[in-house]
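S.K.:
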Amino acid sequence: MPLCTICGSREAVVYQLHTGYRLCRSCFISDIVARAAREIFRYGMISYGEKILVGISGGKDSFVLLDILSQIYDPSRLGGVTVVEGIEGYNRAEHLEDIKRYASERGVEIHIVSIKDLWGASVDEMVRRSIASGVRISPCTYCGIHRRKSINIVARELGYDKVATAHNLDDEAQTILINIMRGDIERLYMNHPLRPRLSRLFIPKIKPLRKIYEWETAKYAYLAGYKPQEVECPYLEYFPSLRVRIRDMIYEIESRKPGTMLRLLEWFDMTFNPSKIGGKIELGECSICGEPTSPWRTICKSCELQLKILGDARAAALLRIRGSSPVNKNQPTP
């Protein structure tokens, strides 16, 4: 077996197509940690003393993010949040216990919040109501919008300064292409790591793994001995999204031209740098729930979806969350 390109003394276990390096276990893990740390430093993602809330799904990416941050930052300034979507067969009790155990081993407090507890219905229930109402919206839309909104509320109410999400290079490349195809300049701008804070109610998000390939996070998790949740969301099979088609296309290009996704992200970072573009986007506030929403909206997308499937003002009562904390450190409603 070939020796590691970096240290030259240990057996290589990984071959990086985009660099041409063969790396041993130690040098590979060190490389991933160093690249994530450089991205944090390059864009000033974390300032000294800030409290960081890490979004933890239980998958490989969020494990790698938590593991890296607990190495390079004070674990006492970190917290984790897991959102229980309420999808049958997907959110298992033992899965939640694994998440809490991994966080505890790294000295990180974990918070568990349920979409059903916050919004009055699980994702499964929202999908059933949507079908019954004749509203044709992907389950991924219900899930994604309510997960993001829930995490923002938890971070704000518990006093965190930033939310760290485990989006990897594959995710970012796909998002860029999707927004280009849709002509969505606002979302391209909002996805840049140097974007200014958009609202006093919106906790800034950081993505330390945005230059790390998905296969690299999978390999890191494997070499670190982490066993991620193996159950795939059941809705993916029946509701293929535009993202899936974009993913397949870019993987084909990447296989022919290794490094394509990295070059795409570097282009994006230079082209959509807010300091070069000028101007500023400020989010409005939803007239129903009071949470941040796009400038041209009077109600946020979450409330809009609930109004569509409930059909009357009952949604407003369900969506007002003032006066009580959404965080439940025990077992949430499935």
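Positions in the sequence shown are counted from 1; adding 3 to them yields our numbering.
Each residue gets a CB set at the ideal place from its N, CA and C atoms; glycine is no exception.
Computed from a prediction, not measured in an experiment: that's the story for all the values here.
Looking only at DSSP bridge pairs, what is residue 165 linked to?
M.R.: 55
S.K.: Alpha helix (DSSP H) containing residue 67: first to last residue?
M.R.: 63 to 75
S.K.: Residue 114 lies in the beta strand (DSSP E); which residues open and close that run?
M.R.: 112 to 117
S.K.: Which residue from 37, 4, 91 puts its Cα closest to that of residue 14?
M.R.: 4
S.K.: Work out the CA separation of residue 252 and residue 20 for me, nearest whole Å.
M.R.: 18 Å
S.K.: Do the CB positions of residue 86 and residue 69 come within less than 8 Å of each other?
M.R.: Cβ atoms of residue 86 and residue 69: not closer than 8 Å.
S.K.: DSSP state of residue 84, grouped into three classes?
M.R.: strand
S.K.: Considering only their Cβ atoms, is the gap separating residue 67 from residue 224 smaller than 8 Å?
M.R.: yes
S.K.: What residue range is occupied by the uninterrupted alpha helix (DSSP H) comprising residue 251?
M.R.: If you look at residue 251, you'll find it in the alpha helix (DSSP H) that goes 245 to 259.
S.K.: On a CA-only basis, which of 140, 6, 208 is nearest residue 27? Give me that one, please.
M.R.: 6
S.K.: Assign residue 318 to one of two classes, buried (16 or more other C-beta atoms within 10 Å of its C-beta) or exposed (fewer than that).
M.R.: Unreliable placement is indicated for residue 318, whose pLDDT of 48 sits below 50; the coordinate value is still reported in the next sentence. So residue 318 counts as buried.
S.K.: Opposite residue 295 in the DSSP bridges: which residues?
M.R.: 288
S.K.: Ignoring anything shorter than 4 residues, give me the alpha helix (DSSP H) runs that lie fully in the region 174 to 234, in order along the chain.
M.R.: Along the length of the region 174 to 234, whole alpha helix (DSSP H) runs at least 4 residues long occupy 188 to 193, 217 to 226, reported in chain order.
S.K.: Would you report the Cα separation of residue 257 and residue 171, rounded to the nearest angstrom?
M.R.: 15 Å
S.K.: Alpha carbon to alpha carbon, how far is residue 80 from residue 145? Give it in angstroms, no decimals.
M.R.: 31 Å
S.K.: Residue 234: buried (16+ other C-beta within 10 angstroms of its C-beta) or exposed?
M.R.: Exposed, since its Cβ has fewer than 16 Cβ neighbours within 10 Å.
S.K.: Below 8 Å CB to CB, which residues in the same chain sit around residue 193 once its five sequence neighbours on both sides are set aside?
M.R.: 201, 284
S.K.: Quick test of your reading: residue 111 and residue 78, contact by CB under 8 Å. State the CB separation rounded to the nearest angstrom.
M.R.: 6 Å
S.K.: Hey, out of 176, 122, 102, 157, whose CA is closest to residue 248's CA?
M.R.: 176
S.K.: CA-CA distance, residue 185 and residue 217?
M.R.: 24 Å
S.K.: Identify whether residue 28 lies in helix, strand or coil by the three-state DSSP scheme.
M.R.: Reduced to three states, the DSSP call for residue 28 is helix.
S.K.: Look up residue 105 in the DSSP assignment and say whether it is helix, strand or coil.
M.R.: helix
S.K.: DSSP state of residue 14, grouped into three classes?
M.R.: Three-state result, residue 14: strand.
S.K.: Could you tell me whether the region 59 to 66 touches the region 36 to 48, where touching means 3 or more Cβ pairs closer than 8 Å?
M.R.: With the cut-off at 8 Å, the region 59 to 66 and the region 36 to 48 do not touch.
S.K.: Do you know offhand how far residue 229's Cα is from residue 31's?
M.R.: Residue 229 and residue 31 have their C-alpha atoms roughly 16 Å apart.
S.K.: Using the C-alpha atoms, what's the distance from residue 209 back to residue 128?
M.R.: 31 Å
S.K.: Output the distance between the C-alpha atoms of residue 37 and residue 135, rounded to the nearest integer angstrom.
M.R.: 50 Å
S.K.: According to DSSP, what are the bridge partners of residue 6?
M.R.: 14
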